[in-house]
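Numbering (the UniProt record's numbering), first residue to last: 1 to 356.
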């Protein structure tokens with residue numbers, strides 16, 4: 001099957017104001033963690049600049065657009081806006097592109113914008129001109145791997161780690177698999193954590209990954225969860241699990257995006273502690289066992305418990321069992337953090353009937 005080029009996807013969706021098309025190579029870009037990473041403001045603006053460039057995003061031309069057309073969601077002064085565009089000129093990001101001489105993929109570190117200009121007009125009528133970098137244009141020209149992001153969601157994120165996680169999940173949401181293992185170093189790099197920051201697992205979990213998952217689950221229409229795994233006594237990495245949220249949850253997300261930001265952090269924080277707690281280390285002998293609130297259990301101990309307890313004939317998918325078990329616990333007001341949750345889950349599996 002012929003894959004649709006990224007630039008064609010950008011062109012086809014140019015009239016859909018809420019659709020932002022991101023090249024997979026850009027969404028999966030590597031940050032130069034030895035320098036200051038891309039700010040949340042600049043990451044949002046990059047999506048808008050590519051959207052405005054549209055079908056000419058791969059052309060070596062200067063794109064000109066009224067600042068007001070881009071600034072309706074960002075609410076920046078003209079100087080702040082220009083400063084943010086200039087940030088895209090100086091940050092070094094790693095992008096994979098084909099070498100024009102050898103035809104082989106190579107990793108290029110290059111700015112995203114090569115030039116920016118502005119008129120001397122007042123803020124309401126000011127125009128900005130910008131030229132996308134050679135590497136960025138070449139990446140998008142060759143790309144056949146892309147994702148559609150929601151402009152509302154992108155503009156609503158309040159953490160750059162959350163936006164990066166949303167980009168990574170958007171790129172993977174339609175894959176046949178719904179989990180991927182990342183080493184801690186790899187995930188820190190993909191989220192853009194600066195070198196030397198949040199080096200310990202607990203700090204990375206509580207200040208970056210856990211809050212990012214809470215925000216993505218609140219604003220994206222996706223469900224994301226994570227399970228850390230050890231190598232010896234240390235956390236070696238994290239298994240991310242993702243999926244599309246059920247319809248009632250997506251309706252709730254849309255209401256959240258259309259409502260005022262006031263109170264959003266409070267509403268998110270009401271559930272974020274649970275998210276972070278469930279990202280703590282898998283229980284050791286003698287510790288309380290938590291059943292995951294969402295996501296796949298295939299790569300966790302719960303899959304083994306299910307397989308050992310379910311009827312061997314016509315054994316159902318363990319993730320289906322997990323979803324039914326969560327519903328069961330919700331109806332019975334059973335906490336997934338109950339000290340007896342493993343016993344309850346085992347009993348639930350043993351009593352499974354085909355008609356369930």
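Virtual Cβ for every residue (Gly too), placed ideally from N, Cα, C.
On a predicted model such as this, the values are computed, not experimentally measured, just so you know.
- Reduced DSSP secondary structure (H/G/I, E/B, other) of residue 222: Looking at residue 222 - three-state DSSP - the assignment turns out to be strand.
- Item | Beta-carbon spacing of residue 85, residue 127 below 9 Å | no
- Message: Taking 8 Å as the cut-off, does the stretch 176-186 touch the stretch 51-59 (at least 3 CB pairs, one atom from each stretch)?
- Response: no
- For my contact list, residue 145 and residue 133 are in at a C-beta cut-off of 8 Å; report their separation, rounded to the angstrom. That pair is no contact at about 19 Å.
- Message: For residue 349, which residues in the same chain have their Cβ closer than 6 Å to its Cβ, ignoring the five residues on either side in sequence?
- Response: 306, 309 and 310
- Query: Contact check, residue 238 vs residue 227 under 8 Å by CB: the rounded distance?
  - Reply: The pair is a contact, with the Cβ atoms about 7 Å apart (cut-off 8 Å).
- Do you know how far the Cα of residue 207 is from the Cα of residue 17? 33 Å
- Query: For residue 145, which of helix, strand or coil comes out of DSSP?
  - Reply: Residue 145 sits in coil when the DSSP states are folded into three classes, being neither helix nor strand.
- Item | The beta strand (DSSP E) enclosing residue 77, as first and last residue numbers | It is not in any beta strand (DSSP E) - residue 77 carries neither H nor E in the DSSP assignment.
- Tell me which same chain residues have a C-beta within less than 8 Å of the C-beta of residue 268, skipping the five on either side of it? 214, 215 and 218
- Spatial distance of residue 46 from residue 88 (CA atoms): The straight-line gap from Cα to Cα measures roughly 8 Å.
- Message: With three or more C-beta pairs closer than 8 Å as the rule, is the stretch 245-254 touching the stretch 188-201?
- Response: no
- Query: Should residue 299 go down as buried or exposed, given a rule of 16 or more other Cβ atoms within 10 Å for buried?
  - Reply: exposed
- Taking the alpha carbon of residue 258 as the point to measure from, which residue in 241, 220, 332 and 291 has its own alpha carbon closest? 220
- Which partner residues does residue 229 have in the DSSP bridge list? 237
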